[in-house]
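S.K.: Residue numbering for the first sequence follows full-length UniProt numbering, starting at 1 and increasing by one per position. The beta-carbon is built from N, C-alpha and C at its ideal position, and this holds for glycine as well. All of these numbers come straight from a predicted model, not from anything done at the bench.
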Amino acid sequence: MLLAAGDRPKRVQIRGEVADVGDVREISTQYGERDLAELRVRREVDHEPVTVTLWGKWAETAEYLEEGMEVNVTDAERDDYDGEERYATTGDSYVVVEPSFLVDVTDVRSWVQCPRMYYLNKISGIPLNYPVVKGTIVHEVFGDLLRGRDLDEAVEDRVADAGLQLGLLGRDADAVAEEVRQNAAAIDGWLAQGTLTDEDEWRSEQLLISHRFGIKGRADAIRRGMPVELKTGKNTKRDPRFQDKIQAASYGLMLHEKGVPADTGTLLYTKNTTLDRGEATGDLSPAKEFSIGPGLRDFVVRARNEIAAMEHGMSVPTGHEADAKCEYCFEQDACMVVSGRLDQESKAGQIGRAVPDEEQEYFERFYELLETERRTVHAEYAKLWEQTAEERADDDRAVIGLDFVGKSELPGGRWELRAERSGDAVSKIREGDVVLASDGDPVDGHAELGRVERLGADEIVVTTDEPVEFSRIDVYPSELSVDRMLTALHDAVLKGDPRRKDVLFGRTEPEFDSASETFIDNNDAQDEAVRKAVTAEDLALIHGPPGTGKTYTIARAVRAMVERGERVLLSAFTNRAVDNALEALRDQGFEDVVRVGTKSGVREDMRDLLLDECADPDDPDDGPEERAAELEEAPVVAATTSTCGSRVMSEQSFDAAVVDEASQLTEPNTLAAINLADRFVLVGDHHQLPPVVRSETELSTSLFERMIDEYPAASVMLDRQYRMAQRIQAFASREFYDGELRPATPEVAGRSLSDLEGIDVDTLPANLRDRVAMLDVEGDAGRHTDAVEAERVAEAIESFAAAGVDRDRIAVIAPFRAQVAEIDRRVPEDVAVDTVDRFQGSSKDVVIVSFVATDDLDSPIFEDYRRVNVALTRAKRSLVLVGDADALRTHDRYARMVDWATK
DNA sequence: GCTCTGCGGAGAGGA
Numbered sequence: 001m002l003l004a005a006g007d008r009p010k011r012v013q014i015r016g017e018v019a020d021v022g023d024v025r026e027i028s029t030q031y032g033e034r035d036l037a038e039l040r041v042r043r044e045v046d047h048e049p050v051t052v053t054l055w056g057k058w059a060e061t062a063e064y065l066e067e068g069m070e071v072n073v074t075d076a077e078r079d080d081y082d083g084e085e086r087y088a089t090t091g092d093s094y095v096v097v098e099p100s101f102l103v104d105v106t107d108v109r110s111w112v113q114c115p116r117m118y119y120l121n122k123i124s125g126i127p128l129n130y131p132v133v134k135g136t137i138v139h140e141v142f143g144d145l146l147r148g149r150d151l152d153e154a155v156e157d158r159v160a161d162a163g164l165q166l167g168l169l170g171r172d173a174d175a176v177a178e179e180v181r182q183n184a185a186a187i188d189g190w191l192a193q194g195t196l197t198d199e200d201e202w203r204s205e206q207l208l209i210s211h212r213f214g215i216k217g218r219a220d221a222i223r224r225g226m227p228v229e230l231k232t233g234k235n236t237k238r239d240p241r242f243q244d245k246i247q248a249a250s251y252g253l254m255l256h257e258k259g260v261p262a263d264t265g266t267l268l269y270t271k272n273t274t275l276d277r278g279e280a281t282g283d284l285s286p287a288k289e290f291s292i293g294p295g296l297r298d299f300v301v302r303a304r305n306e307i308a309a310m311e312h313g314m315s316v317p318t319g320h321e322a323d324a325k326c327e328y329c330f331e332q333d334a335c336m337v338v339s340g341r342l343d344q345e346s347k348a349g350q351i352g353r354a355v356p357d358e359e360q361e362y363f364e365r366f367y368e369l370l371e372t373e374r375r376t377v378h379a380e381y382a383k384l385w386e387q388t389a390e391e392r393a394d395d396d397r398a399v400i401g402l403d404f405v406g407k408s409e410l411p412g413g414r415w416e417l418r419a420e421r422s423g424d425a426v427s428k429i430r431e432g433d434v435v436l437a438s439d440g441d442p443v444d445g446h447a448e449l450g451r452v453e454r455l456g457a458d459e460i461v462v463t464t465d466e467p468v469e470f471s472r473i474d475v476y477p478s479e480l481s482v483d484r485m486l487t488a489l490h491d492a493v494l495k496g497d498p499r500r501k502d503v504l505f506g507r508t509e510p511e512f513d514s515a516s517e518t519f520i521d522n523n524d525a526q527d528e529a530v531r532k533a534v535t536a537e538d539l540a541l542i543h544g545p546p547g548t549g550k551t552y553t554i555a556r557a558v559r560a561m562v563e564r565g566e567r568v569l570l571s572a573f574t575n576r577a578v579d580n581a582l583e584a585l586r587d588q589g590f591e592d593v594v595r596v597g598t599k600s601g602v603r604e605d606m607r608d609l610l611l612d613e614c615a616d617p618d619d620p621d622d623g624p625e626e627r628a629a630e631l632e633e634a635p636v637v638a639a640t641t642s643t644c645g646s647r648v649m650s651e652q653s654f655d656a657a658v659v660d661e662a663s664q665l666t667e668p669n670t671l672a673a674i675n676l677a678d679r680f681v682l683v684g685d686h687h688q689l690p691p692v693v694r695s696e697t698e699l700s701t702s703l704f705e706r707m708i709d710e711y712p713a714a715s716v717m718l719d720r721q722y723r724m725a726q727r728i729q730a731f732a733s734r735e736f737y738d739g740e741l742r743p744a745t746p747e748v749a750g751r752s753l754s755d756l757e758g759i760d761v762d763t764l765p766a767n768l769r770d771r772v773a774m775l776d777v778e779g780d781a782g783r784h785t786d787a788v789e790a791e792r793v794a795e796a797i798e799s800f801a802a803a804g805v806d807r808d809r810i811a812v813i814a815p816f817r818a819q820v821a822e823i824d825r826r827v828p829e830d831v832a833v834d835t836v837d838r839f840q841g842s843s844k845d846v847v848i849v850s851f852v853a854t855d856d857l858d859s860p861i862f863e864d865y866r867r868v869n870v871a872l873t874r875a876k877r878s879l880v881l882v883g884d885a886d887a888l889r890t891h892d893r894y895a896r897m898v899d900w901a902t903k
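Structure follows, in structure tokens:
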């Protein structure tokens, strides 16, 4: 008898931490033999442990579930027994393991091919090769066709866009265009074959995120609510390949969750063309349809669960998890080499000798650190659905409350969307960033991935593939940096030069050639630094405290290397540092540089050096070959370390890599740059700010710092600074540099405001006349703000201005962004106000530091002496400290600072 | 409790 809807037992969701996992057993039921496994789950809502029975296929989840994992069982039914509150899966249930771990659809695809392939793709990345580049072009053309673009035009443009990559691969544009046209013709023909009617609803490139299933991905296209996946290859079998089905079914699962039936998937094998008729047999139509039923959706979730469970334990797949057939696998060699070198178990077996234990340990340690870092990216995704829009905006990760103004279609079929905004809300989103533009709900509502073209005070312009009436934009969290760091780690340990590794692992002392040449004649340390950089066979380390002419020295070293016929990579973590180094190089009259990077990242006055990746289809002398030559023939290439990990840059090789701001780089980030060169020079200051990492880990020790400790003899400290008056530098020199930092000249030592034209120091209040001043402020009890301090800062600025100091010679530094905002409201626009972290690398004549110190100093921000060092070493002529002296005195280092400032 | 830059968006194919 069927139950009436009202009588049906209530379905609930059980989510929580696994407390115990029972064995899988088979029992007889009225429906026959069935598997079951019992779990104890500590419910998230009330922390009560309850028993959940997993039936049928879900029972196998128990084989890899472990205590401590998160699990979410949907549509469970109350199933009490013996007075105990129990639950069981139903026919509609899903069991999701570690739902907060977001698995990408392409990862599910490679996992079902072979779990080792998933792992190999992850650690080694996909190198630059023709099938991938062509595949990308075909996908782009597909999108263009769906948006109604002319085929020939789309092909020509997309091939031109890929000019650099095709050139590096030695491909001819016309030949590629012809090949792409054949693939595209299959699509075009299929679209025209009556498959399409007027009611056909198409959309391309849809981003899907499911927090219920812990999956994300981008579907090539959705047609009438059904997923369509494009394949560049050929498949003349009747059925689509299994992994292709799984890929499409994954999108089907996510669409289904949104209430779309999505019960049919289509795979378009665009190499299946009638041109092959005669030689090929079998099914030659490009489109193959298959049905996506509950069984396939469950399969997708279980495959995704296997990945999440494996990642929870940070274990390495062996290939035995699935019945992969290694003898047919094209990755077999790579697979065996990796397992051989890292001594991993693998179904394919091992070849070669394992790398030394310390290298294996190093790999494993950083692998885990980077995977931990990946979780923090996933946590950023989670905030998309866990935080309210207002909380996101407060977190600076979204701009909300926008008024959609209008849309216009761009020539390429993409859309330009505009919205107005009011208020002065700040966010970390900048022009050029990829964002989620949504109707207010970026996960369950309508959201499009777009690029911010303009971010004005009252207007925001984004471009997207499909239009959306957006009222909110969110930062799009990306795992790309983690992936690139993993690849750099893999390349360094598995493919690294043996001598290089001996040095990195402390087995061989670095060596230097001899040279007596003088490079810089008025600064011995700089001269020695250039000499070390030029003569290093392995590595040289240049330690540059504030104001010591790091960039000048770098530029001189790069020039010297080029003069010796070397090809040099110039890199740093931030675009700003790369551009600063380039500026120094240009100041010294050297212009033969190519800058690789994104336009929005590169400073305007350096954009003329930017490598143009697109070929000009109308210019016979500007094809792929010319694009590649521009890069490959450049004696100096400048790029951020992140870009060094890109597919294009990883194909490049250099004699030397010079890395600035190296103390702000994680080890894997540094490896990304130095992997490309025979020898390397790291420039930095480990007494200034360390790398920024989201996770609290030892990733925050730089390779620079480790090498300085390991090989002090390979390092030079630049000991003469050209920035601060003696009085200002004294504390930092004593406290952070063992008293070794000195003013470069008497002029620097004696710097004061009175040197500047039009300034009458005597008109300053008495407490601001010294080069170092302390304004003792009682302070309010604000959490990360102090209005009283902010007032005193504003007063001080007025005093300086009244004495004739231009406002743009003044900067204010505060430890918290909240205080930065507090001060910003009170001071004129031309005074720079910023956090310590952002001010690193800059300097001003007058610097006012607001400490926001009241009562005690137990904020971790004060624990890092490096942050204090940066704050105190930005001023050239006048440094003013604002804070509660008694509070500051509660801490040794600050007590010494107050003594110094008030003496 | 706090500081916060990069990158670009996924992408193929072979028995």
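1) Restricting to Cα atoms, I'd like to know which of Lys383, Lys428, Phe680 and Val805 is closest to His211.
2) What separation, rounded to the nearest whole angstrom, lies between the Cα atoms of Asp276 and Glu178?
3) Which partner residues does Asn72 have in the DSSP bridge list?
4) Considering only the alpha carbon of each residue, which of Phe851, Gly544 and Ala811 lies closest to Ala818?
5) In this structure, what does DSSP give as the bridge partners for Arg883?
6) Classify Leu766 as buried or exposed, calling it buried when 16 or more other Cβ atoms lie within 10 Å of its own Cβ.
7) Rounded to whole angstroms, what's the CA-CA distance from Ala634 to Ala248? Just pull it up for me.
8) Express the C-alpha separation of Val831 and Asp395 in angstroms, rounding to a whole number.
9) Between the C-alpha atoms of Tyr362 and Tyr711, what's the straight-line distance to the nearest angstrom?
10) Please report the straight-line C-alpha distance between residue 907 and Leu342, rounded to a whole angstrom.
11) Span of the beta strand (DSSP E) holding His543?
12) If you measure between the beta carbons of Leu570 and Val636, is that distance less than 7 Å?
13) Distance, Cα to Cα, Cys614 vs Asp157?
14) From Ala280 to Ile187, what distance separates their C-alpha atoms?
15) Three Cβ pairs or more, each shorter than 8 Å: is that satisfied between the region 460 to 473 and the region 396 to 415?
16) Can you tell me which of the three DSSP states Ile460 falls into?
17) Thinking C-beta only, is Lys234 closer than 7 Å to Lys271?
18) Are the CB atoms of Ile848 and Ala796 nearer to each other than 7 Å?
19) Rank Pro240, Leu455 and Lys407 by C-alpha distance to the C-alpha of Lys428 and give the top, closest one.
20) Within the same chain, show all residues whose beta-carbon is closer than 6 Å to that of Ile209, passing over the 5 residues directly before and after it, in chain order.
21) Is it buried or exposed for Leu164, if we count other Cβ within 10 angstroms and need 16 for buried?
22) Could you check the C-alpha separation between Lys903 and Gly804 for me, to the nearest Å?
23) Can you list, in chain order, the residues of its chain with a C-beta nearer than 6 Å to that of Leu489? Leave out the 5 residues immediately preceding and following it.
24) Using 10 angstroms around the beta-carbon of Gln30, count the other beta-carbons present and answer buried if the total reaches 16, otherwise exposed.
25) What separation, rounded to the nearest whole angstrom, lies between the Cα atoms of Arg109 and Asp491?
26) For the alpha helix (DSSP H) containing Leu631, list its first residue and its last residue.
27) Less than 7 Å between the beta carbons of Ala725 and Arg771, yes or no?
28) Label Tyr552 either buried or exposed according to how many other C-beta atoms from any shown protein chain fall within 10 Å of its C-beta, with 16 as the threshold for buried.
29) Cβ atoms of Val482 and Leu370: under 7 Å apart, would you say?
30) With Glu409 as the anchor, note down where its alpha helix (DSSP H) starts and where it stops.
31) Suppose the cutoff is 8 Å on Cβ atoms and the five residues either side in sequence are ignored; what does the same chain contact list for Glu537 look like?
32) Going by other Cβ atoms of all chains shown within 10 Å of its Cβ, with 16 needed for buried, is Leu718 buried or exposed?
33) Among Glu44, Glu60 and Glu85, which one has its Cα closest to the Cα of Gly68?
34) Is it right to say Phe242 is buried, meaning 16 or more other beta carbons lie within 10 angstroms of its own, or is it exposed?
35) Shortest alpha-carbon distance to Ala880 belongs to which of Asp786, Arg866 and Arg769?
36) Candidates Arg499, Val493, Arg507 and Val435: which alpha carbon is nearest Ser478's?
M.R.: Put simply:
1) Lys383
2) Confidence is the limiting factor: at Asp276 the pLDDT is only 48, short of 50, which leaves the residue's position unreliable and the question unanswerable from this model.
3) Arg15 and Val96
4) Phe851
5) According to the sequence displayed, residue 883 carries Gly and not Arg. DSSP, once it has assigned bridges, lists Asp776 as partnering Gly883.
6) Looking at the sequence itself, residue 766 is Ala, so the reference to Leu does not match. Its Cβ having fewer than 16 others within 10 Å, Ala766 is exposed.
7) 43 Å
8) 25 Å
9) 19 Å
10) Summary: the structure shown does not reach residue 907, with the chain confined to residues 1 through 903, and so no result is reported for it.
11) Leu539 to His543
12) yes
13) 9 Å
14) With a pLDDT of 48 at Ala280, under the threshold of 50, the modelled position of that residue is not reliable, and the figure given next carries that caveat. C-alpha separation (whole angstroms): 19 Å.
15) yes
16) strand
17) yes
18) yes
19) Leu455
20) Lys216 and Val443
21) buried
22) 26 Å
23) Phe366 and Pro668
24) exposed
25) 24 Å
26) Pro624 to Glu632
27) yes
28) buried
29) yes
30) Counting along the chain, Glu409 falls outside any alpha helix (DSSP H), though it belongs to the beta strand (DSSP E) covering Asp403 to Glu409.
31) Pro510, Glu511, Phe512, Asp513 and Arg679
32) buried
33) Glu44
34) exposed
35) The sequence given here places Val at residue 880; Ala does not occur at that position. With distances taken between Cα atoms, Val880 lies closest to Arg769.
36) Val435
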